[in-house]
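Comments concern the structure below.
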Amino acid sequence: ALHNYSEARDRYFKKFGKNHMNVLIATHNIAEAEYFLGNYQKALQYCEEGKEIAKKIFTEEEQIQASILEISGLCKLEQGDLDSALSLFERSLQIKQRKLDHGHPDFSYTYLGLGRIYMERKDYELALENFDKVIDIELKIFKDKGRDVGQAYFYKGRVYCSQSLFDQGLALLNQAEEYLKNFHGKDSKHPVFALLYEQYAFYYLQCKDYRMAQKYYQEAWEIQREKLGEDNARTLETKKLIESFKELAKN
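Residue numbers for the sequence shown follow my numbering, beginning at 19 and rising by one.
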(Lines of atoms letter the chains of each structure in order from A and count residues from 1; the text may use other names and numbers.)
(Lines give C-alpha, C1' and ligand atoms only; values in the text may rest on other atoms or scores of the structure.)
Protein backbone atom coordinates (compact mmCIF):
# COMPACT_ATOMS: atom_id res chain seq x y z
CA ALA A 1 0.00 0.00 0.00
CA LEU A 2 2.78 2.43 0.89
CA HIS A 3 4.40 1.95 -2.53
CA ASN A 4 1.08 2.60 -4.27
CA TYR A 5 0.45 5.75 -2.23
CA SER A 6 3.93 7.06 -3.03
CA GLU A 7 3.47 6.42 -6.75
CA ALA A 8 0.08 8.13 -6.69
CA ARG A 9 1.54 11.14 -4.88
CA ASP A 10 4.34 11.50 -7.44
CA ARG A 11 1.86 11.17 -10.30
CA TYR A 12 -0.51 13.79 -8.88
CA PHE A 13 2.38 16.13 -8.07
CA LYS A 14 3.59 16.04 -11.69
CA LYS A 15 0.08 16.55 -13.04
CA PHE A 16 -1.35 19.15 -10.63
CA GLY A 17 1.56 20.63 -8.69
CA LYS A 18 2.10 20.36 -4.95
CA ASN A 19 -0.89 22.28 -3.63
CA HIS A 20 -3.69 20.04 -4.87
CA MET A 21 -6.29 17.95 -3.04
CA ASN A 22 -5.14 14.68 -4.63
CA VAL A 23 -1.58 15.31 -3.45
CA LEU A 24 -2.88 16.10 0.03
CA ILE A 25 -4.90 12.86 0.20
CA ALA A 26 -1.92 10.79 -0.99
CA THR A 27 0.33 12.52 1.56
CA HIS A 28 -2.19 11.77 4.31
CA ASN A 29 -2.33 8.12 3.23
CA ILE A 30 1.46 7.80 3.26
CA ALA A 31 1.61 9.31 6.76
CA GLU A 32 -1.02 6.85 7.97
CA ALA A 33 0.77 3.89 6.39
CA GLU A 34 4.10 4.92 7.94
CA TYR A 35 2.38 5.15 11.34
CA PHE A 36 0.94 1.64 11.04
CA LEU A 37 4.39 0.37 10.06
CA GLY A 38 5.85 1.93 13.20
CA ASN A 39 7.88 4.54 11.29
CA TYR A 40 6.73 7.38 13.51
CA GLN A 41 9.28 10.00 12.53
CA LYS A 42 8.59 9.49 8.82
CA ALA A 43 4.87 9.65 9.50
CA LEU A 44 5.31 12.95 11.34
CA GLN A 45 7.30 14.37 8.44
CA TYR A 46 4.49 13.56 6.00
CA CYS A 47 1.95 14.99 8.44
CA GLU A 48 3.84 18.28 8.45
CA GLU A 49 3.88 18.28 4.65
CA GLY A 50 0.15 17.58 4.64
CA LYS A 51 -0.52 20.46 7.03
CA GLU A 52 1.39 22.88 4.79
CA ILE A 53 -0.45 21.73 1.66
CA ALA A 54 -3.81 22.02 3.43
CA LYS A 55 -3.06 25.61 4.43
CA LYS A 56 -2.67 26.51 0.76
CA ILE A 57 -5.87 24.71 -0.31
CA PHE A 58 -8.41 25.54 2.43
CA THR A 59 -9.50 28.79 4.01
CA GLU A 60 -10.63 26.96 7.18
CA GLU A 61 -9.73 23.64 8.77
CA GLU A 62 -11.40 20.58 7.24
CA GLN A 63 -11.83 16.93 8.21
CA ILE A 64 -8.69 15.74 6.44
CA GLN A 65 -6.70 18.14 8.61
CA ALA A 66 -8.35 16.62 11.67
CA SER A 67 -7.22 13.20 10.46
CA ILE A 68 -3.66 14.44 9.93
CA LEU A 69 -3.64 15.84 13.46
CA GLU A 70 -4.75 12.44 14.76
CA ILE A 71 -1.99 10.59 12.91
CA SER A 72 0.50 13.05 14.42
CA GLY A 73 -1.10 12.51 17.82
CA LEU A 74 -0.81 8.72 17.57
CA CYS A 75 2.86 9.04 16.64
CA LYS A 76 3.46 11.30 19.64
CA LEU A 77 1.60 8.79 21.83
CA GLU A 78 3.86 5.97 20.65
CA GLN A 79 6.90 8.17 21.27
CA GLY A 80 5.72 8.87 24.83
CA ASP A 81 4.97 12.57 24.31
CA LEU A 82 1.54 12.43 25.92
CA ASP A 83 1.03 16.19 26.28
CA SER A 84 1.58 16.78 22.56
CA ALA A 85 -0.60 13.79 21.69
CA LEU A 86 -3.44 15.11 23.84
CA SER A 87 -3.18 18.61 22.36
CA LEU A 88 -3.30 17.24 18.79
CA PHE A 89 -6.34 15.08 19.47
CA GLU A 90 -8.14 17.93 21.22
CA ARG A 91 -7.57 20.13 18.16
CA SER A 92 -8.89 17.38 15.91
CA LEU A 93 -11.98 17.02 18.09
CA GLN A 94 -12.64 20.76 17.83
CA ILE A 95 -12.53 20.60 14.02
CA LYS A 96 -14.90 17.64 13.91
CA GLN A 97 -17.30 19.31 16.34
CA ARG A 98 -17.53 22.25 13.92
CA LYS A 99 -17.89 20.10 10.80
CA LEU A 100 -19.87 17.01 11.83
CA ASP A 101 -23.19 16.20 13.43
CA HIS A 102 -23.17 14.95 17.01
CA GLY A 103 -22.74 11.17 17.03
CA HIS A 104 -21.11 10.99 13.58
CA PRO A 105 -19.04 7.78 13.26
CA ASP A 106 -15.86 9.75 12.53
CA PHE A 107 -15.85 10.82 16.18
CA SER A 108 -15.22 7.25 17.31
CA TYR A 109 -11.60 7.20 16.11
CA THR A 110 -10.97 10.48 17.93
CA TYR A 111 -12.44 9.16 21.17
CA LEU A 112 -10.43 5.95 20.81
CA GLY A 113 -7.22 7.98 20.54
CA LEU A 114 -8.17 10.19 23.48
CA GLY A 115 -8.97 7.11 25.53
CA ARG A 116 -5.55 5.63 24.80
CA ILE A 117 -3.82 8.87 25.78
CA TYR A 118 -5.73 9.13 29.06
CA MET A 119 -5.00 5.45 29.72
CA GLU A 120 -1.25 6.09 29.37
CA ARG A 121 -1.60 9.14 31.64
CA LYS A 122 -3.29 6.82 34.18
CA ASP A 123 -6.40 9.00 34.09
CA TYR A 124 -8.55 5.89 33.99
CA GLU A 125 -11.93 7.56 34.49
CA LEU A 126 -11.49 9.72 31.39
CA ALA A 127 -10.04 6.78 29.47
CA LEU A 128 -13.11 4.64 30.18
CA GLU A 129 -15.42 7.56 29.36
CA ASN A 130 -13.86 7.91 25.89
CA PHE A 131 -13.81 4.17 25.18
CA ASP A 132 -17.50 4.02 26.11
CA LYS A 133 -18.21 6.83 23.63
CA VAL A 134 -16.61 4.74 20.87
CA ILE A 135 -18.75 1.74 21.75
CA ASP A 136 -21.96 3.78 22.04
CA ILE A 137 -21.48 5.58 18.70
CA GLU A 138 -20.49 2.56 16.65
CA LEU A 139 -22.95 0.04 18.07
CA LYS A 140 -25.77 2.54 17.56
CA ILE A 141 -24.84 3.13 13.91
CA PHE A 142 -23.20 -0.11 12.78
CA LYS A 143 -24.60 -2.69 15.23
CA ASP A 144 -21.90 -5.40 15.29
CA LYS A 145 -19.88 -3.94 12.39
CA GLY A 146 -18.17 -0.95 14.00
CA ARG A 147 -14.49 -0.72 13.07
CA ASP A 148 -13.21 0.48 16.45
CA VAL A 149 -15.49 -1.33 18.91
CA GLY A 150 -13.17 -4.31 19.38
CA GLN A 151 -10.25 -2.04 20.24
CA ALA A 152 -12.40 -0.03 22.65
CA TYR A 153 -13.29 -3.27 24.43
CA PHE A 154 -9.74 -4.51 24.77
CA TYR A 155 -8.36 -1.14 25.85
CA LYS A 156 -11.11 -0.97 28.47
CA GLY A 157 -9.92 -4.40 29.56
CA ARG A 158 -6.39 -3.07 29.90
CA VAL A 159 -7.63 -0.17 32.04
CA TYR A 160 -9.35 -2.59 34.41
CA CYS A 161 -6.25 -4.79 34.56
CA SER A 162 -4.15 -1.71 35.37
CA GLN A 163 -6.41 -1.18 38.39
CA SER A 164 -6.07 -4.85 39.44
CA LEU A 165 -9.70 -5.53 38.45
CA PHE A 166 -8.64 -8.71 36.70
CA ASP A 167 -12.00 -10.45 36.32
CA GLN A 168 -13.56 -7.42 34.62
CA GLY A 169 -10.44 -6.95 32.51
CA LEU A 170 -10.36 -10.53 31.26
CA ALA A 171 -14.10 -10.48 30.52
CA LEU A 172 -13.62 -7.41 28.30
CA LEU A 173 -10.64 -8.97 26.52
CA ASN A 174 -12.72 -12.05 25.79
CA GLN A 175 -15.56 -9.83 24.57
CA ALA A 176 -13.12 -7.97 22.31
CA GLU A 177 -11.80 -11.23 20.86
CA GLU A 178 -15.30 -12.52 20.11
CA TYR A 179 -16.26 -9.21 18.48
CA LEU A 180 -13.10 -9.06 16.36
CA LYS A 181 -13.48 -12.65 15.18
CA ASN A 182 -17.04 -11.90 14.06
CA PHE A 183 -15.96 -8.64 12.43
CA HIS A 184 -12.91 -9.96 10.56
CA GLY A 185 -14.22 -13.43 9.81
CA LYS A 186 -11.51 -15.75 8.54
CA ASP A 187 -8.78 -13.07 8.66
CA SER A 188 -7.31 -14.25 11.97
CA LYS A 189 -3.97 -12.65 11.02
CA HIS A 190 -5.33 -9.10 10.80
CA PRO A 191 -2.89 -6.73 12.62
CA VAL A 192 -5.58 -5.77 15.15
CA PHE A 193 -5.28 -9.28 16.61
CA ALA A 194 -1.63 -8.55 17.41
CA LEU A 195 -2.83 -5.57 19.46
CA LEU A 196 -5.40 -7.78 21.19
CA TYR A 197 -2.81 -10.44 22.05
CA GLU A 198 -0.57 -7.72 23.51
CA GLN A 199 -3.44 -6.78 25.85
CA TYR A 200 -3.84 -10.44 26.87
CA ALA A 201 -0.09 -10.53 27.53
CA PHE A 202 -0.42 -7.40 29.67
CA TYR A 203 -3.23 -9.08 31.65
CA TYR A 204 -1.12 -12.15 32.34
CA LEU A 205 1.87 -9.99 33.27
CA GLN A 206 -0.26 -8.25 35.90
CA CYS A 207 -1.31 -11.69 37.15
CA LYS A 208 2.38 -12.75 37.17
CA ASP A 209 1.65 -15.63 34.82
CA TYR A 210 4.75 -15.15 32.68
CA ARG A 211 4.31 -18.34 30.67
CA MET A 212 0.93 -17.18 29.35
CA ALA A 213 2.25 -13.65 28.80
CA GLN A 214 5.05 -15.07 26.65
CA LYS A 215 2.52 -17.18 24.72
CA TYR A 216 0.44 -14.16 23.76
CA TYR A 217 3.46 -12.04 22.87
CA GLN A 218 4.56 -14.92 20.64
CA GLU A 219 1.18 -14.90 18.88
CA ALA A 220 1.37 -11.12 18.44
CA TRP A 221 4.89 -11.40 17.04
CA GLU A 222 3.89 -14.03 14.48
CA ILE A 223 1.21 -11.72 13.09
CA GLN A 224 3.55 -8.71 13.10
CA ARG A 225 6.28 -10.70 11.35
CA GLU A 226 3.87 -11.75 8.60
CA LYS A 227 2.07 -8.42 8.15
CA LEU A 228 4.80 -5.89 8.96
CA GLY A 229 8.03 -7.78 8.30
CA GLU A 230 10.79 -9.14 10.55
CA ASP A 231 12.75 -5.87 10.53
CA ASN A 232 9.78 -3.68 11.43
CA ALA A 233 10.21 -1.69 14.66
CA ARG A 234 7.06 -3.11 16.26
CA THR A 235 8.01 -6.67 15.32
CA LEU A 236 11.50 -6.26 16.77
CA GLU A 237 10.14 -4.74 19.98
CA THR A 238 7.82 -7.70 20.52
CA LYS A 239 10.66 -10.14 19.79
CA LYS A 240 12.76 -8.47 22.50
CA LEU A 241 9.94 -9.01 24.99
CA ILE A 242 9.76 -12.69 24.07
CA GLU A 243 13.52 -13.06 24.52
CA SER A 244 13.30 -11.42 27.94
CA PHE A 245 10.74 -14.02 29.01
CA LYS A 246 13.07 -16.79 27.84
CA GLU A 247 15.78 -15.35 30.06
CA LEU A 248 13.36 -15.28 32.99
CA ALA A 249 12.52 -18.93 32.38
CA LYS A 250 16.22 -19.85 32.53
CA ASN A 251 16.55 -18.16 35.92
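Cβ atoms here follow ideal geometry from the backbone N, Cα and C, with glycine treated the same way.
Contact check, residue i vs residue j, beta carbons under 8 angstroms
{"i": "E138", "j": "L92", "result": "no"}
{"i": "G175", "j": "L191", "result": "yes"}
{"i": "G68", "j": "L106", "result": "no"}
{"i": "I82", "j": "Y64", "result": "no"}
{"i": "Q217", "j": "F172", "result": "yes"}
{"i": "F125", "j": "I159", "result": "no"}
{"i": "I71", "j": "K33", "result": "no"}
{"i": "L246", "j": "R252", "result": "yes"}
{"i": "A212", "j": "Q193", "result": "no"}
{"i": "L130", "j": "A170", "result": "yes"}
{"i": "A26", "j": "A44", "result": "yes"}
{"i": "E80", "j": "K117", "result": "yes"}
{"i": "Y221", "j": "L266", "result": "no"}
Beta-carbon separation (whole angstroms), residue i vs residue j, contact threshold 8 angstroms
{"i": "H38", "j": "Y30", "result": "6 angstroms"}
{"i": "F263", "j": "A231", "result": "7 angstroms"}
{"i": "K94", "j": "A103", "result": "4 angstroms"}
{"i": "Y58", "j": "E96", "result": "5 angstroms"}
{"i": "I86", "j": "H46", "result": "6 angstroms"}
Beta-carbon contacts of residue i that lie in its chain and below 6 angstroms, excluding the five residues immediately before and after
{"i": "A84", "result": "S110, I113, K114"}
{"i": "Y215", "result": "Y234, E237, A238"}
{"i": "A219", "result": "A231, Y234, Y235"}
{"i": "Y152", "result": "Reading off the sequence, residue 152 comes out as Val, not Tyr. Answer for V152: S126, Y129, L130, D166, A170, listed in chain order."}
Beta-carbon contacts of residue i that lie in its chain and below 7 angstroms, excluding the five residues immediately before and after
{"i": "A61", "result": "A49, E52, Y53, I89, C93"}
{"i": "V177", "result": "M137, Y142, A145, L146"}
{"i": "C225", "result": "F184"}
{"i": "N40", "result": "Y30, F34"}
{"i": "N250", "result": "L55, G56, Q242"}
Original post:
Would you call the stretch 196–215 and the stretch 177–188 in contact, with 3 or more CB pairs under 8 angstroms?
Top reply: As far as the Cβ criterion goes, the stretch 196–215 does not touch the stretch 177–188, which means the pair count is below three.
Original post:
Residue ranges of each alpha helix (DSSP H) run of no fewer than 4 residues wholly in the stretch 182–217, ordered along the chain?
Top reply: Complete alpha helix (DSSP H) runs here, min 4: 184–202.
Original post:
What are the uninterrupted segments assigned as alpha helix (DSSP H) that are 4 or more residues long and contained completely in the stretch 215–261, given in chain order?
Top reply: Counting only runs of 4 or more residues that sit fully inside the stretch 215–261, the alpha helix (DSSP H) segments are 228–246, in chain order.
Subject >> Minimum length 4: unbroken alpha helix (DSSP H) runs contained in the stretch 110–144 >> reply: Counting only unbroken stretches of 4 or more residues, the alpha helix (DSSP H) elements lying wholly within the stretch 110–144 are 124–138, in sequence order.
**OP:** Enumerate, from N- to C-terminal direction, the unbroken alpha helix (DSSP H) stretches of 4 or more residues contained entirely within the stretch 38–62.
**Re:** The qualifying runs are 39–54.
Original post:
Can you give, in chain order, each stretch of the alpha helix (DSSP H) that sits fully within the stretch 56–97 and has at least 4 residues?
Top reply: You should have 58–75, 81–96.
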